[in-house]
Structures are given as C-alpha cells and as structure tokens.
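J.: Chains as they are written, first to last, in the working numbering: chain A, 1 to 359; chain B, 1001 to 1359; chain C, 2001 to 2359; chain D, 3001 to 3359.
Let me begin by handing over the structure; questions about it come next.
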C-alpha cells in the first residue's frame, strides 16, 4: 500500500521486472492540456537500459501507451493510465539467486517482509519500477513548464571521487547534459567518468555517484509547512529511488560548517520581487519556495548486483560464493538523471496544485 | 493541510510561538499500554529552551498535559490529545522583523504563501512547533520499546568542523549522550564543541552541526516498498525538522566513492538469523529493514536568527540593516537530539503497525 | 487512526466522555479570515446537553477555547486547535455497564476491538466526540458563507412516524428551525413531536427520527468524480455521526419507484446559467454539484441507552437485566441538527478548497 | 485526484467509455494467495453489458488481464495491475449530446468542473468505470473468503414498487440470486420485475430499484471509530457507484419509527460468543462489527439516459428536445449486484488489514 505518492497530483505505479509490464496511473492532471505519447517517450528513452555502453545490456524499447485520460490529444482531467510492456526477460539468469540473497540487494528483505519474492529477486525494488515514475513525471513536467515556466534539469555531478566543476544553474540545459554518455556537463570530468565506468564494467564491479538537480522558476510560496515541507517531500521522493543513500538541499552537509553570518542569504530587490544574493537555502525557507532556484543533490550507491565473486551465505545460512549473472548497470547515475527529474516534477506538480487551492 | 504525518500511527500538530499553546493529537496508539505525563516529560525537558548556557534564554517549563486517550493510566486505543501552554512570550522583540524579513528565515516565504504571518515571523516554522512532535514521539518510542525492544539514540556527531570520533552503535545510551551540555559522547570533541558554541553565542553569531541517530532492534521486514521506503520516510521526517539541510542513510554521500565489491554488506549466519558483516546499508535494503541497526545522519544549518548586523532589504525592497533581537539558539543540535529521536520513533511506530497488518 | 477527515480541509478530533476534555485540530483553513470563539459558540450551544427538557440532564457549558491558528482575531492559515473541557462527569453511573454491554451500544464492539474500553462504555462513540466536529464545522461554515455565500440549514423532518410538512428549501432559516424545542419548522408537527419525546422520556424509553439538510448556493462544479463524489462524502460524513442508520440524497429511496421520464430533472435557462425545473438529483449529478440546492436526509435510530429494563446477557454470557442509569437523550434529532450542519460544512469546505485547485 | 480508495487495501481506477480501456491498480493485497484471471472473470461477466435482454445492447466481452503483482499464479504482495480493453465503441451515438446535456446525467457537471468532457458525455461517470472496481473487488473478496470465511451476497430486492419477499440472510447464495435475469431470489417478484423492465425498455424509458447486500462472517471488532465507521465507509462506497441515491444499514429509515426498547438488539450467548437476538444494528455498533451479518440496502435511481423525447435546453440555454441515442440500460440493478458486492469487498478487505494491525 505504498505505491501511491502525492496529495492532489497522485501517482500509483505497478509492475515487476518479469511480469507482463509496468506502468502508472496519474490522477489529478489538469484538464485541457495537449498530451500524447511523444511527450513522454523522450524521458523514457533517456532512462532505457541498453542506451549506451555504460549501461546494462538488457534490451527494452520501453514504448509507452496512454490508456485513458486523454481524448483527441487533450487531457480530460481524469486519471491517465500509462503502460510499458516487459519484453527482454531472462528469468534463467536469476536461478542461482533464488537460493542466495544478493548482498546489499532487496532479495533478503522482500523475503523477510512477504515470505515470497519475485523470481527476479527484489520484486518492486527492480529498476523497472521507475518506468511508471518517469512516464508520469514527464506529464507533470509538461504541466509545470506550460503553466508556470518551471524548468527541471539534473546531471551527474560526481562518479566515485571524480567530481564535476560547478555548473551555471541558470543556463544548464538537458541538451548540454546529454552531450556525453555519462551526462556530466563538465566534459573533462565526463571523460574521466566514462573511463572509470568502462573499467569498472570490465571488472564486473560497480561504482557510485551523485546527481545534482536544479528547478528554475519555482514560484515563491509553493510548498507546505511542517511535515510536507518542500525539502521534506523532495527528500522522500529522492530516497524512494532505488540505490539512493543521501539527499542535500542547498548548502547541505557542507553548510553545517559555516557560521550563520556567512550562511544566511541576504535579501535584495530584484525585478520587482525580493531575491537573495546567495542561495545556501537551495531556494527553500521554512519548507516554502522563495523564488530562487531549488537545488539539491542525491547520492547513489554502487549497484549491489556485481559479477565479481562475493563471499556470503545462502538463505539457510550456509557459506557460499555468489557471482551474479544477469545484466546490470555498473553505475546508475546516467540513467538516474531522468528519474530524479521525474520525481522532482511529481513533487513540484503536487505543490503547484496545492498552492492554487490557496489563490 | 500538511500538519499531519503517518499512515496508521498519525500525528497532527498545532500551535505557533505566540498563541495559547502548542500540542498534538496522536491517533493510532495501541490500547492497553501504560502511559502518563511522566513518560513524556523527560524528552520535552531535553528539548526545552533555557536548559543550558548553550541555548536560547527563553524560559519555558514546557509541562505537558494529556487531554484524552488514557484512562486510569492505560491507553484506550483512541486519539491522545497533548498540550503544552506557551508562557514566556515577548512579542515586542519581533517588532522590527515585521518590516524586515530575516535572511534565511521563513518570514518572507510565509508572507508569500499566506499573505499574512504570525507576529513572531515564520509562524509554524517556529521551533516551538516541534514540542508536539517530541511529546507524541515519546509515546511512539514507549510503544516501540515495550513491544519490540526498539532502542533509539541520537547524539551530536559534529559542530561546525569539530567531529566526534566513531561511537559504538550497539552500546551508546542517552545517559552517555547527556554526559555533557552539547550531547556529544566523544568528550574531547564535546569540550571543543562547547567552547565553539559559547564563543559563537558571545559573538551573536550561530553555527551548524550534525546529529547521528541509531535505531537498534528494528525487526527485519519493517518498511514498505516504493514511495514509503523506510529511508524515504526517515528522510521526509528529518527534513521536516526546522533548520535541516541534509540526510544520509548508512554510507551516505561517502558511499558514492566506493566500489560495489567493497560497499556491499555480505551476509553471515548470526544468532539463527542472517546478519551482515558490514552495515553500509544502514540497516535498510530496498526500503525494508534487514535487522541490522538503522543508522542515519542529519545536517543542521546555523540558525538564521542572529544578533550580528546583516545587510539586507525590508519587505518593500529598501536596503537596511537587521540585528535581530529576540532570544535564539546559537546552535540547535543539542536541542535537536530529542527531536530527531521523536521523528524516528514516529516513523518506526508507523511501520510497526503497518507490518503487523501483514503478520 | 480514523479520527481524521478531509483532504485539504482536515479535521482531527480527540476526547472521550470522561477524560479532561474534547476538541479538534482543523488544518487547512484559509488565512486572513476573522475568527474568534464567539463565531463557534452558538453551534456548540445548539448541540449542548441540558439545553431543554427534551434532552439529557447532563450539564455542560461546553465553552470552546481557540488554542492556535488565530492571531489578533485573524486566521493565519495554520492549524486551529480547539478545546472544550469536560465538567459534569459521573463515572459511577456506568459501574453496572462495566459488566453488562448495553444492547445496540458500542460497549461490546469497543471491547472486541481494543480489549479495553473507557469507563463510560463506548469511548469515542460518546456523543461528546461530536463537539470537536461542531466547533470545526462552524469555522468551515463561516469560510463557506463569507467566500461563496453558501448557507446550510438542517431541521427535524420526522420523529418516529410524525413527519414534517414540506419546507421551502430556498427560504428556511435556522431562526425558523429554532422556533421550537424539537427544531421542526412545521409547528403543528413540532408540537406532536415534543409531546411524543416528552412521553418517551417519562417512559425511560427512546425514539428515532430524521434530519433533513439543505445547502444553498453550492457552486456548480464542486465535488470530485468516482470515490469522492459529493454524495459519497456526505454519506460517509453523515453515517459517521453516532446513531445514524441511513442517508438519502435528493429523491433517495422514493426515487427508485419512479421512471426516468419522470425522475429526470430537465434543464432550463435561469439567471444566465443552466438550472433544473425539478431537483430529484438533490443538487448533484455524477458526484459534482449542479448549482441547485444540495438536499439530503439522515436517519437517526432511537438511542440505545434507555432506563427501561432490558433482558440481555453480561460479558460472560450470563442472562441478566439491564436498566441503564446515566443521563441520556430520549431522542437525539434536535441536538443532531447542528452536528449534521457541521459535517455538511466540513465536506463542502473540503470540496471548496479542492475546487480552487482547478481554477 | 479522487480515483483512489482505501487505507491499506487501496484501489486506483482509470478509464473512460471511449478510450483504449479501463482498469485498476490494487495495492496492499497480501502475498501468497493463489490468483489468476479466472478468479476475476465471473464477476466481470455478471457486470457485463449485453448479458441479457434486460440490459444495454453494447457488446463487450470485458476480458481482464493481470499485468503485475502475480507470479506463477501466486500474489507477491505488490500492486496488481488489471486491464480490460474497450471494444464496441460508437462515438457517433453521442454527437447530439455534445450540444445538449442529458437531464440528470453528468454531462453538464463535468463540463462545469473541467471545462471539457469526454465525447461520451460524463467521462468517468460512465458505467465502464466500475469495471476496475469489480475486478479489484473480486480479488478482495477472494482474500476475505479464504482468510476469514467472509461471504458477500447481494440481490435485487425491489424494482420500482415491486419488492422481494424477505430473504434468509444466512443461506442466500449467488447461485440462487442468479436463478433469474433480474437477480431477485423471490421468483414470483422476479417475474414481475422482468416484465416491468421489459416493458420499460420497449417504452425507451427507465426505472429504478434497490439492491440489498449481506456480508456473513465478518469478525467482531472490524471497523474503525469516528470518521471511518464501517457503515460510513460502506455508505461512501455505495454512494460512489453511479446512479445511487440512498444507503441504509440495518433498520435504516424504517428504524427511525421504532422505540429503543423495541429497536435495541439484546445480547445472547451463542457458540461461545455474544450474539444478538435481532439485528436492527445491521451487524455494526459504533462503527465496529459485532459478529452478526452486516446488512445494507442501496437505492438506484432510474437511469438518466432514455430514448423518450425530453424537453430541456442545450448548453447555450436554448429550449430543445432530446431523445437520446446510444445503448443504455432500462434498469441498472441486475448489473449493479456485482458492483455492490465488489465495493463491499473493498471496504471489508481494507478493514481486515487495518484490524490485523491491532492483533
């Protein structure tokens, strides 16, 4: 009962890795918006496995169908059903894992929770679950952009200890981000990242990284106090993405080392509104957007499924060695970029509707 | 409409800094549990302003009254009403701020959202809002401890760049944590932290820090897949606390620099169950607890309200200088310790009830 | 976990009959509205026990205090805490009932659910639970009336088999309704009802009745499709009131005997909008208001607690006779009038906010 | 945002009459239950249009596909995606209605709410929306029956003024109910009902009726106090079904005419538990089941779409005559039987899970 997210713009996802398909129902999308599959497909293509030599070899075209909620290319205001069939399934790859829980994967915890698990292991912890999010997020993003001019751009800011240089938050675009395979706009860093991931893949190992995301033109006043603060819902949204280990808004952990007199963002008059000269707040104060860019960072661990032999135990506690078969990503960050964008769009889309209620 | 949190164990808080009082309604607490005000008061005392020279001078006794849900010292299973009156109010301190939004505080964003704001500034962004959380959290914690043996202990692991040495997660207690004013169990680091905060207070400045929290004996299987993953709800809960900027579970951002072959937590047979030899997962895999200690870290920024003169603008955009009056903390982390524990207890308490549903 | 109601305008109630008091938190009330206790007290006075010879003798002044959410008589947009202390408690009256569950009361079912129950019997099934609803409903009603001109009037349309003549839905006012003790605007019927209730009270018996409610000026378009249809949420709201057994919207059960050609409400042009010449729909089509008066009826059973000796069994299954002590209403409908109005206001207030979201 | 229902067992439906298909996501179904399409199809067949001469001529096979949540015929505990394609669409039938809102239908109110509507008129108010409910309800029912022995049987108890004789609540089965086309177990009454509906269909008119439902073996203790009382959620569920106008639990409106000394259900010792000698309570006291059969009645109005010419106005307010084309039911009650059962199962299934949480 935890596959639904949002108060007014509500997504419900379904689907495992090895069933007939995956999808989502997006309820609450405003009526009267043009919408067709072509508005959604590009983000699915950016998420798709097999899109480059840096990702898993699983081949899926991931073509989305809109089942409902749209007529003559216009949204009706009713729930939008979204579906992507599963095609390239090789359950045989998972036979060994039915006996041995993969270290740091969800095989063990799903078994503990449900007393059963999908043949692919962690069931809904599969990366394919995120397809429904990306499809629904693309719709939320279209609504945000058309109605408010909101722009959401994420990129890879670190792979292992290779960090990107700072990026201009005001001008960074997806086109720039997609300029290389790893989706890091700092091309020098990107080259090193690609090299590292290629090496790690050859080694049948994996590596982690960081995705940074900026949301521009978020109107001041969006967000809700107390438990649904904008940073709190963003944190929930990001930590709900598989393989995430951390979230920072604005100055984040680095900000804890500053004094208030340095960290505070002084107000200035700017374009007929109040702006701030710095943005340690990450665009949010007291849970509510202040009109500055919303900026946050998400930590992704190295994927748990690796080909290297690992010493572990089977479900019965007997020591054994596991060298996972199956086709898995050596590093998830480049494919995570559209997922982070989708979750940001779902969070902001919900706040957009909640704010209209107050107008 | 965002002052309610939880699916089955549900808290609704109310109250600003300068109204009659603050409190909470906790719905879903199981029946048959002994409960009285004395079970709740200790955590409120640890949160209370004026408890030491390191905190604000505002004097509040913060005595809680249980309005309902308990009869003859036993919970009825019905909503527990909790109330703490406000006493030491000095609204005069806030007169200047009615014209000038404090940099990095919520004065501006509340005004943008509501077109009105409480005289104390950010209304519900006041630290007093957390009283209801701490009171309700103490009840959740009692339930968790009595029914499952869950133990929750938080402490200050950093103030500015002074970091605590590693702490033994299995044995750390609140008694140890409370061994010094700053609530850091590493006494050498604690001394330096106290010195720093004292200096910062004299300077009328402020400083940030980090709170680490461990939850022991969380049963394997607790937590929910997809959007309500345990780490996702913890992240939301922690980022809903005023002044927080970041959240890490397990290896966190540091884990992004490791390879999977190092980062993975191998399973071992332990006490008739499967354990892990390392805990980079922070006790959670795929959103579900694996039986190891749940460990996370929360970043707190330097408090925004400082006495040092700041160059900023007023609500009309006119440049001006603000030297905030009022009584405010130079560093929130020592008082944040029971708040972090309370929010962890509310998250785990909700998962406890959601898990029973599956049994 | 079921003491919270509403999506955007959210009420959480607390309190039993014999604890320190009862109340509610109302979250989501718009900012900038004038509000003080005097806006709330009149409806509480209409609900109050001991207000006439037709009601229970329990004496409660039921004075409400606003704890939060209002400053200088203006709402802040933050949760409004509401409290009414319990005063005239006589737990001794309930001693016998601790052994014998009252027939058709909630003593038995609370015991089965919780394994414990309040000394007064059914705990939250106490009529005092509705105080929080009436207080919060009065605020919702003020908002609806000031922002949209919505008017809500309920009255007693039947006591046992004494039915009121039809009432003019466009002009009926609370003042008219309050013209007699039983709150039936048909004075001839009212006299008979008062006689009957008086007799029934002398007999230590009880009797049921029906409350009808009209909501005028509900804007066309309010309400939500599918599960939150306006009639569905009204039905939930009304059936959540203690002692209710039925709900009808518009033509109700009588409408099942008509043919469509008679039952359909033809449209007409009226005042620049589309109206209907009849109102069998009760102002709602497909879950959404059509601009006509919203009209519904609620069935109240005879109160379960009666002084007449009843043959029953105790909790152990031993046959016994129960003649209930305690002070209880012979007929709840006159006191139910403001409760029905309050729940209607909470439902409509929520739809008002949900509709603004679409504007 | 109102196409989701349930707290722990959560259904989200999607689909209009003239899009690619309709369906639902059911989240919260327990793991380890056998499930395949054949478990669901029978109830869809009972709901299907064109199943008899009494129903609309629209031809739909309504074959369901399970997309997810089941592997090797066993539920995984993850969301179950359900889909039924639309086939026999004739949008041309609706051309006239694009100019003229059908009296008592949702064409007008959807237009007022959304500023747009599906070509078939009321969009989600289409009867096809209920397919997702029936499919998900069949799963809930299977769970309830296998885990608790709960049995749910509904039947037609009245068509217009033709009422069924009383039915034995303990023994009535679906097989008996399905013994005739109208689904009324009183065969004499059924014959008259069939005759009436046949005549009404020939007249291109429509007629209303009543569905009664019994839920046997609902364990004492299920249900939640205050706003989610079992009768309140049943009332919401039933009034969310298209064309419903009323709901009664137990004695209902007739019970308002009784005195408490007659209406109260005395307790008796029965089979090691407390039962009651009468069941005016309808199996529920204070919102919580008492172990007796849960019995309720639902009023269905005559369908709004009729072929007879109606005098009305078009969207611009110009007087005109509407004789609806399209294929519509003269009376919905026989097809409503499985819908009522499905919604009852979804309500009880949710309470089952909420109760386990307390065990």
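Don't be surprised by glycine CBs; every beta carbon is placed ideally from N, CA and C.
Here the structure is a predicted model, which is why all the values come from computation and not from measurement.
Applying the 10 Å Cβ sphere with the 16-neighbour rule, what's the burial state of residue 1016 of chain B?
T.: When all chains shown are included, residue 1016 of chain B counts as buried.
J.: Secondary structure at residue 359 of chain A, three-state DSSP: helix, strand or coil?
T.: Low per-residue confidence applies at residue 359 of chain A: pLDDT is 49, beneath 50, and the placement is therefore not dependable, though the value from the model is reported in the following sentence. Here residue 359 of chain A sits in coil by DSSP.
J.: From C:2211, C:2172, C:2071, C:2158, pick the residue whose C-alpha is nearest to that of residue 2191 of chain C; which is it?
T.: The residue with the shortest Cα to Cα distance from residue 2191 of chain C is C:2158.
J.: Check the Cβ-Cβ distances between residue 341 of chain A and every residue of chain C, and say whether any is below 7 Å.
T.: No, residue 341 of chain A lies away from the interface with chain C (no Cβ there is under 7 Å from its Cβ).
J.: Would you list the one or two residues that DSSP bridges to residue 322 of chain A?
T.: In the DSSP output, where bridge partners are listed per residue, residue 322 of chain A has A:310.
J.: Buried or exposed for residue 2036 of chain C, please, with buried defined as at least 16 other CB atoms from any protein chain shown within 10 angstroms of its CB.
T.: Exposed is the call here.
J.: On the three-state DSSP scale, how would you describe residue 338 of chain A?
T.: Residue state, collapsed to three classes: helix.
J.: In three-state DSSP terms, what is residue 1174 of chain B?
T.: DSSP places residue 1174 of chain B in helix when its eight states are reduced to three.
J.: Return no unless some Cβ of chain D is closer than 7 Å to the Cβ of residue 148 of chain A.
T.: Cβ-Cβ to chain D under 7 Å: no for residue 148 of chain A.
J.: Residues in the region 1058–1080 of chain B with C-beta within 9 Å of chain C's C-beta atoms, listed in sequence order?
T.: Listed by position, the residues of the region 1058–1080 of chain B near chain C (Cβ gap below 9 Å) are 1065, 1066, 1067, 1068, 1069, 1070, 1071, 1072, 1074, 1075, 1076, 1077, 1078, 1079, 1080.
J.: Identify which residue in B:1020, B:1130, B:1013 has its Cα closest to the Cα of residue 973 of chain B.
T.: Absent from the model: residue 973 of chain B. The displayed extent of chain B is 1001 to 1359, so no value can be given.
J.: Could you give the DSSP three-state label for residue 3285 of chain D: helix, strand or coil?
T.: Residue state, collapsed to three classes: strand.
J.: Any beta-carbon of chain A closer than 7 Å to the one on residue 3330 of chain D?
T.: No, residue 3330 of chain D does not count as interfacial toward chain A.
J.: Let's test the definition: count the other Cβ atoms within 10 Å of the Cβ of residue 3280 of chain D and tell me whether it reaches 16, buried, or not, exposed.
T.: Burial call: buried.
J.: Is it right to say residue 165 of chain A is buried, meaning 16 or more other beta carbons lie within 10 angstroms of its own, or is it exposed?
T.: The residue in question, residue 165 of chain A, is exposed, as its Cβ has fewer than 16 Cβ neighbours within 10 Å.
J.: Considering residue 377 of chain A, what are the terminal residues of the alpha helix (DSSP H) in which it resides?
T.: In this structure chain A extends from 1 to 359, so residue 377 of chain A is not present and cannot be described.
J.: Using 8 Å as the threshold, is the region 97–111 of chain A in touch with the region 291–309 of chain A, meaning 3 or more CB pairs across them?
T.: Contact holds: three or more Cβ-Cβ distances are below 8 Å.
J.: With a cut-off of 8 Å, do at least 3 Cβ pairs link the region 170–182 of chain A to the region 222–231 of chain A?
T.: In short, these stretches do not touch, since the Cβ pair count stays below three.
J.: Could you have a look at residue 3224 of chain D and say whether DSSP puts it in helix, strand or coil?
T.: Coil.
J.: What three-state label does DSSP hand residue 1297 of chain B in the structure shown?
T.: Reduced to three states, the DSSP call for residue 1297 of chain B is strand.
J.: Can you tell me the Cβ-Cβ gap for residue 1148 of chain B and residue 1072 of chain B, rounded? I've got them flagged as a contact below 8 Å.
T.: Between residue 1072 of chain B and residue 1148 of chain B the Cβ distance is about 25 Å, and since that is not below 8 Å, they are no contact.
J.: Per the contact definition of three or more C-beta pairs closer than 8 Å, is the region 2245–2260 of chain C in contact with the region 3283–3293 of chain D?
T.: Verdict: no, contact absent.
J.: Please say whether residue 3123 of chain D and residue 78 of chain A have beta carbons closer to each other than 7 Å?
T.: Result yes, Cβ atoms of residue 78 of chain A and residue 3123 of chain D sit closer than 7 Å.
J.: On the three-state DSSP scale, how would you describe residue 3153 of chain D?
T.: Residue state, collapsed to three classes: strand.
J.: Could you tell me the distance, in whole angstroms, from the CA atom of residue 3041 of chain D to the CA atom of residue 3241 of chain D?
T.: So the two alpha carbons sit approximately 20 Å from each other.
J.: Compute the distance between the beta-carbons of residue 1156 of chain B and residue 1244 of chain B, then report whether it is under 7 Å.
T.: No, these two residues do not count as a Cβ contact at 7 Å.
J.: Please report how far the alpha carbon of residue 3002 of chain D lies from the alpha carbon of residue 1098 of chain B, in whole angstroms.
T.: Those two C-alpha atoms are separated by around 40 Å.
J.: Taking only beta-carbon positions, decide if residue 1020 of chain B is within less than 7 Å of chain C.
T.: Chain C, which has a Cβ nearer than 7 Å to the Cβ of residue 1020 of chain B, makes this yes.
J.: Within 10 Å of its beta-carbon, does residue 2115 of chain C have 16 or more other beta-carbons around it, so buried, or fewer, so exposed?
T.: By the neighbour-count rule (16 or more Cβ atoms within 10 Å), residue 2115 of chain C is not buried but exposed.
J.: Chain D partners of residue 293 of chain A, CB-CB under 9 Å?
T.: Chain D residues near residue 293 of chain A: none, gap ~28 Å exceeds 9 Å.
J.: Is it the case that the Cβ atoms of residue 237 of chain A and residue 343 of chain A are separated by a distance below 7 Å?
T.: Cβ distance < 7 Å, so residue 237 of chain A and residue 343 of chain A count as in contact.
J.: Tell me which residues of the region 2031–2042 of chain C have at least one Cβ-Cβ distance to chain B shorter than 7 Å, keeping chain order.
T.: The residues in question are 2031, 2032.
J.: Does chain A have any CB closer than 7 Å to the CB of residue 1196 of chain B?
T.: Answer no: the Cβ-Cβ gap between residue 1196 of chain B and chain A never drops below 7 Å.
J.: Could you name the residues of chain C that residue 3236 of chain D contacts, counting a contact when the two beta carbons are closer than 7 Å?
T.: Simply 2232, 2233, 2235, 2236.
J.: What does DSSP give as the partner residue(s) for residue 2085 of chain C in the beta ladder?
T.: Beta-bridge pairing links residue 2085 of chain C to C:2021.
J.: Does residue 16 of chain A come within less than 7 Å of chain D when only Cβ atoms are used?
T.: Answer yes: the Cβ-Cβ gap between residue 16 of chain A and chain D drops below 7 Å somewhere.
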